[in-house]
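Input: a single structure, listed below in structure tokens.
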Amino acid sequence: MSAVDLARFGLLAKGNTARAHGWLLTSDFECGNGEHVAIDGPNAASWSPEADPGDDYNGGAYYFCCRVANEHPAARSIALAIHAHHEPVWQGWSMGLGSPLILLGEEADGADPSHWRQIPASEMETSQDVLRATIAVPGGGVRYVSNFYWYPPSRVQARLQAIAAARPGDVQPFIAGHSAQGRPIAGVRLPAPVPDAPRVVLTGTTQPSEGGQLPCLWALEYLLSDTPPARRFREAFTFDVVPATNPDGVALGTCMTNSRGENPLFDARAAADGGPSSAESAGLWRLVAGDRHEGDTAATGYLEYHFYFQTGRPCRPYVVAPELFADAARRATYERTSAALRDISDGHQIFVQPGNARFRHSLIYVAAERLGVAGHLYKLNTILPAPECRTRAIAVLERYFDALLER
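With the sequence shown counted from 1, adding 365 to any position gets you the numbering used here.
And the structure:
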């Protein structure tokens with residue numbers, strides 16, 4: 366990594382800010398991403414996504430998140446131009462041009478699905494070079510502008526702490542590890558009432574631009590509810606829930622990487638081998654393998670939430686090859702969970718072939734191959750309004766655990 370890249374991912378705040386004509390634009394906040402931020406006129410502004418360091422895959426630029434503040438007392442509109450990051454234009458940019466623009470107010474908490482607003486692609490001008498849209502901002506108000514549902518890791522940690530404090534009898538906080546910049550990879554355990562209950566790990570993805578921390582939080586809140594399915598699942602399983610698995614990457618607003626320019630989504634094999642790997646992968650592997658808490662064995666299941674938009678790619682699971690499972694009973698369980706998630710999806714699954722060059726290093730692949738864990742990635746499409754995404758996230762959880770409970 367170059368010195369420039371190290372500065373970009375160092376402990377100093379990153380970001381870009383412009384102020385003119387009573388507007389203040391910045392990406393210098395937790396989860397912000399945007400460079401070349403500019404006020405282009407009395408009611409016009411622009412920026413570009415900021416790329417991660419790395420190769421053409423890990424160094425892409427698709428995600429953006431900027432804060433637009435109207436410092437005038439009267440409500441105004443501002444025309445935004447979000448330019449593609451070149452050198453080169455990353456594949457994700459063109460595939461994501463149908464994504465809605467997603468808005469959040471200053472006082473809103475994104476964990477409440479009703480707080481999000483969307484501008485559909487049909488109301489924007491999009492091309493390979495620029496995305497254009499006009500947004501209204503109240504007098505003295507703020508709008509955060511992004512292309513997915515983001516949520517800061519500091520808020521994730523605060524919510525987990527509040528949940529554990531409110532329910533000390535059935536929620537146990539833990540730390541799965543720490544990031545390179547020292548942020549905790551925070552989780553909570555929901556212990557089953559019976560000893561030796563099978564254990565399942567629920568997470569948000571390590572990929573910041575597909576931040577699964579919100580659907581994972583929504584799943585946790587549902588599991589703690591009094592609905593009959595939630596009570597049945599809590600009685601049958603011990604749950605380890607880690608919503609923000611790459612807190613550095615999320616806080617820095619990266620697309621794929623952590624604060625060291627590593628892609629934790631694809632180094633689980635290195636972590637499992639005990640070799641050099643990202644701190645995020647090492648912590649997650651210990652948790653899934655049963656090396657994090659005394660007395661644990663390997664998890665029975667693993668469900669990882671993603672948020673994303675790419676043209677022609679609806680809500681759907683990622684499924685590894687059943688032949689990775691040496692044990693016939695575990696293979697049968699995985700075929701049930703795979704079928705259950707296919708049934709709730711809008712399109713075909715992504716099938717990971719044995720030996721896939723990239724995904725053979727992912728956690729779902731390595732955990733299936735070495736531990737027999739029934740693991741899936743599930744991608745929720747952000748073209749859905751946030752309340753529908755929450756409903757879908759819970760439905761995915763219900764289908765998955767109903768399939769795990771079948772015998």
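Backbone N, C-alpha and C fix where the C-beta goes; we use that ideal spot for every residue, glycine too.
_With three or more beta-carbon pairs closer than 8 Å as the criterion, would you say the segment 610-622 touches the segment 563-577?_
yes
*Decide yes or no for the touch test of the segment 399-408 against the segment 516-529: beta carbon pairs closer than 8 Å, at least 3 of them.*
no
*Within 10 angstroms of the Cβ of S442, are there 16 or more other Cβ atoms? Answer buried if so, exposed if not.*
exposed
*Per DSSP, cross-strand counterpart(s) of D605*: Beta-bridge pairing links D605 to R554 and V566.
*Chain-order list of residues whose beta-carbon lies under 6 Å from that of F374 (same chain, five-residue window excluded)*: The pLDDT assigned to F374 is 38, lower than 50, so where the model puts this residue is not dependable, and the model offers no usable value.
*Is the Cβ-Cβ distance between A445 and S411 less than 8 Å?*
Before going further, note that residue 445 is Leu rather than Ala in the sequence given. Cβ distance < 8 Å, so L445 and S411 count as in contact.
_Helix, strand or coil, according to DSSP, for Q526 in the structure here?_
helix
*How is the beta strand (DSSP E) around I404 delimited, first residue to last?*
E400 to G406
_Inter-stretch contact at 8 Å, needing at least 3 Cβ pairs: the segment 696-712 / the segment 482-496_ = No, they do not touch.
*Work out the CA separation of A732 and C754 for me, nearest whole Å.*
27 Å
*Could you tell me the boundaries of the beta strand (DSSP E) in which C620 lies?*
From DSSP, C620 is part of no beta strand (DSSP E); its letter is neither H nor E.
*Can you tell me which of A527, L589, G542 and P580 puts its alpha carbon nearest to the alpha carbon of L555?*
L589
*Rounded C-alpha distance that separates P529 from V606*: The amino acid occupying residue 529 in the given sequence is Ala; Pro does not appear at that position. Their Cα atoms are separated by approximately 12 Å.
*Taking the C-alpha atoms as reference points, what is the distance between T747 and F724?*
Per the coordinates, the alpha-carbon of T747 lies some 23 Å from the alpha-carbon of F724.
_Residue closest to F604, alpha-carbon to alpha-carbon, out of N611, P641, L630 and G666_ = G666
_Cβ-Cβ distance between V738 and V653 below 8 Å_ = yes
*asked:* Taking 8 Å as the threshold (C-beta atoms), are G648 and A783 in contact?
replied: Because the chain is modelled from 366 through 772, residue 783 falls outside the range shown and cannot be assessed.
_Cβ neighbour criterion (16 or more within 10 Å) applied to F716_ = exposed
*Helix, strand or coil: which one does DSSP assign to L469?*
For L469, the secondary structure class from DSSP, reduced to helix, strand or coil, is strand.
*Using 8 Å as the threshold, is the segment 633-644 in touch with the segment 682-699, meaning 3 or more CB pairs across them?*
no
_Paired residues, beta bridge with T499 - DSSP_ = The beta-bridge partner set that DSSP reports for T499 consists of A444.
*Residue from H671, E627, F672 and R651 whose Cα sits closest to the Cα of T662*: R651
*I think H450 touches A426, with their Cβ atoms under 8 Å apart; what is that distance to the nearest whole Å?*
By a beta-carbon distance limit of 8 Å, H450 contacts A426. Their separation comes to about 3 Å.
_The alpha helix (DSSP H) enclosing W583, as first and last residue numbers_ = Q578 to L588
_Can you list, in chain order, the residues of its chain with a C-beta nearer than 7 Å to that of H543? Leave out the 5 residues immediately preceding and following it._
Counting only Cβ-Cβ distances below 7 Å, and skipping sequence neighbours, we find P549, I550 and A644.
*For the segment 634-715, which segments carrying the alpha helix (DSSP H) assignment without a break, of at least 4 residues, lie completely within its bounds, in sequence order?*
Runs found: 644-654 and 693-708.
*Under 8 Å by Cβ, that's how I've got Y781 and L742 pegged, so tell me the actual separation to the nearest angstrom.*
For the chain, the structure presents residues 366 to 772; residue 781 sits outside this window and is missing.
_Proximity of L496 and H480 at Cβ, strictly below 8 Å_ = no
*Can you name, in chain order, every residue of its own chain whose Cβ lies under 8 Å from the Cβ of G505, other than the five neighbours on each side?*
The beta carbon of G505 lies closer than 8 Å to those of N435, E436, H437 and P438 in the same chain, with the five residues before and after it left out.
*asked:* My assumption, with CB atoms under 8 Å, is that N398 sits in contact with I467. Please give the rounded CB distance.
replied: Actually they do not touch by this definition, with Cβ atoms about 13 Å apart.
_Those residues which DSSP pairs with V536 across a bridge_ = Answer by DSSP bridge pairing: none, since V536 is not bridged.
*Considering only C-alpha positions, which residue in the set R657, A633 and H658 is nearest to S646?*
A633
*P478 versus L769, L770, A751 and T756, residue with shortest Cα-Cα distance*: A751
*asked:* Taking a contact to mean a Cβ-Cβ separation below 8 Å, would you say C430 touches S392 in this structure?
replied: yes
_So the candidates are Y673, E669, G677 and P719; which of them puts its Cα closest to the Cα of L689?_
P719
_Just verifying my parser: in three-state terms, what is the DSSP assignment at P549?_
strand
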